[in-house]
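Residue numbers (the UniProt record's numbering): 1 to 373.
Written as structure tokens, this is what we have:
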């Protein structure tokens, strides 16, 4: 067990190396749509319907709708009836450096249970949630050499699921935010019964390093719901509900942080940055880090280029109840001035330079007069 948890933590660290974490597509909000099951894995066959077919049709419909938006890029884990390994589904999303991973499934139960459920990763399972996770995770048994590829993970063991929450923990808040929007649309706009947002140890979510959800669009084993989900009108309705939730999520997060919500107070006296005289031999300050503060807001945005007018190398820090956003990271004062001019050219006209020593913010004037190089 310890070896398994250690392995997934190491894998997470590897995925978050600067080269892999670099935003590959600055101009698009990237959504990976994952139609569950496929190929020789039909999923559940409640009431004679095939989960793999319904999930694929809904995923393709969601993608078609999202693709109408020029700033959204849709990637599918599968577009046809083929078998895709669980680990490859997550890998597709990670290679794309996606902003969202959305996995679509249909539910089943021996009772008359019905309604939608949207899951985010979490170790705090009820027995019912564990049974769902077990059902979805057992697809690994259909893969060759699953013992090697899944680091000893056992879908039938509650203990094995504990480690699955480690990687996705940092994205839990936004995953829940999207899940809530999805379920609200199902119950509100579509008048479907919603069973709510839940947590379960789902392998397909555990290895993605972006907000991720798994949607159970309904129970095929409940005949009225199965019939609805197997119809083209039902599939389109569910797809529209998912599409609208993704668009709402994107609108909430991807509003460019500009002066309209620049609610942080500027310093009473800004240092005379542009006219400051810098000793010719002291342009680089090894013990100082300079950044450009471009905005501050109550909104928590992903520090990605699409949120900041194409600027990359964005960092975020919460101070005094606000999220402050910084551009760049350098010990070269000339370089940070260049970055400031670049930010101004992008429209952040009130941006200013800040300085840190040993992680503590100091006056820029103090930093550039530092003699402790």
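Ideal placement from N, C-alpha and C gives every residue a C-beta, glycine not left out. Owing to the predicted nature of the structure, the values given are computational and were not obtained by experimental measurement.
Determine the direct distance from the alpha carbon of residue j to that of residue i, and round the result to whole angstroms.
i           : j           : result
residue 256 : residue 98  : A caution first: residue 256 carries a pLDDT of 41, below 50, which makes its placement in the model too unreliable to give a value.
residue 216 : residue 305 : 32 Å
residue 178 : residue 225 : 23 Å
residue 181 : residue 334 : 45 Å
residue 284 : residue 329 : 12 Å
residue 331 : residue 301 : 26 Å
residue 364 : residue 30  : 38 Å
residue 229 : residue 190 : 13 Å
residue 339 : residue 362 : 19 Å
residue 66  : residue 247 : 8 Å
residue 57  : residue 50  : 11 Å
Let me know if residue i comes out buried or exposed under the rule of 16 or more other beta-carbons within 10 Å of its beta-carbon.
i           : result
residue 34  : buried
residue 211 : buried
residue 345 : exposed
residue 71  : exposed
residue 286 : exposed
residue 52  : buried
residue 234 : buried
residue 231 : exposed
residue 237 : buried
Pick out whichever of the options has its Cα sitting closest to the Cα of residue i.
i           : options            : result
residue 196 : 365, 87, 64, 119   : 119
residue 325 : 345, 341, 351, 333 : 351
residue 327 : 74, 348, 105, 234  : 348
residue 341 : 319, 292, 317      : 292
residue 37  : 45, 30, 31         : 45
residue 299 : 359, 110, 251      : 251
residue 74  : 42, 253, 190, 27   : 27
residue 360 : 338, 336, 321, 317 : 317
residue 81  : 59, 65, 95         : 59
residue 222 : 289, 307, 110      : 110
residue 171 : 184, 66, 205       : 205
Are the CB atoms of residue i and residue j nearer to each other than 8 Å?
i           : j           : result
residue 106 : residue 220 : yes
residue 323 : residue 296 : yes
residue 367 : residue 357 : yes
residue 199 : residue 121 : yes
residue 55  : residue 43  : yes
residue 188 : residue 114 : no
residue 314 : residue 303 : yes
residue 308 : residue 353 : no
Please work out which residues of its chain come closer than 6 Å, Cβ to Cβ, to residue i, disregarding the five sequence neighbours upstream and downstream, and give them in chain order.
i           : result
residue 208 : 90, 93, 101
residue 192 : 116, 186
residue 78  : 35, 38, 84
So, for residue i: in the same chain, excluding its five sequence neighbours on each side, which residues have a beta-carbon less than 7 Å away from its beta-carbon?
i           : result
residue 62  : 33, 239, 242, 243
residue 174 : 211
What do you reckon, is the C-beta of residue i under 7 Å from a heavy atom of the ligand GDP?
i           : result
residue 297 : In terms of ligand content, the structure shown is empty, and the ligand GDP therefore cannot be addressed.
Ignore the nearest five residues each way along the sequence and tell me which others in residue i's own chain have a CB closer than 8 Å to its CB.
i           : result
residue 139 : Annotation note: pLDDT 44 at residue 139 (below 50); position unreliable, coordinate value reported separately. Hits under 8 Å: 37, 41, 86.
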